[in-house]
Amino acid sequence: MRKSAYSLFKGKFLVSDDSFKNWRIIVFVSFLAFIMIASSHSADRKVHEIARLGDEVKELRSAFVDGRSRLMRIKMESSIVKKMSEKGLVPSEIPPKKIKVNIKN
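For the sequence shown, our numbering assigns the number 20 to the initial residue and increments by one for each residue that follows.
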């Protein structure tokens, strides 16, 4: 037991006569480990991107709702009347009349 552990630490399995099959397995396992690490980093990058985009969507939705509420307040008739009265314009007391134009061919 002690001799086999000592030869393992010394690396004799890498330089012995049948070491070619050991090297193939080591290279294959190393390649799989490299692919696994790269895949993990790629997945982490995507998770962070999704979280960032989610925050951006929340901000844009909030800005949209805020803009829509400001627009509704500005479009209200009372708001328009108030701004026009500051400039000296007041709503007409007489309702508008419809003008009809007859075109003769």
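All residues carry an ideal CB built from backbone N, CA and C; glycine is no exception. Please read all numbers here as calculations on a predicted model, not as lab measurements.
Other residues of its chain near residue i: CB distance less than 6 angstroms, five sequence neighbours each side excluded
i	result
G73	none
E211	Since the first residue shown for the chain is 20 and the last is 124, residue 211 is missing from the structure and cannot be characterised.
Bounding residues of the alpha helix (DSSP H) (the contiguous stretch that carries residue i)
i	result
E96	96 to 105
Rounded Cβ spacing between residue i and residue j (contact assumed at less than 8 angstroms)
i	j	result
N41	L33	6 angstroms
Reduced DSSP secondary structure (H/G/I, E/B, other) of residue i
i	result
N41	helix
I122	coil
I113	coil
S23	helix
8 angstroms CB neighbourhood of residue i in its chain, flanking five on each side removed
i	result
K65	none
Nonlocal neighbours in the same chain, by C-beta distance under 7 angstroms from residue i, ignoring five residues either side
i	result
P110	V100
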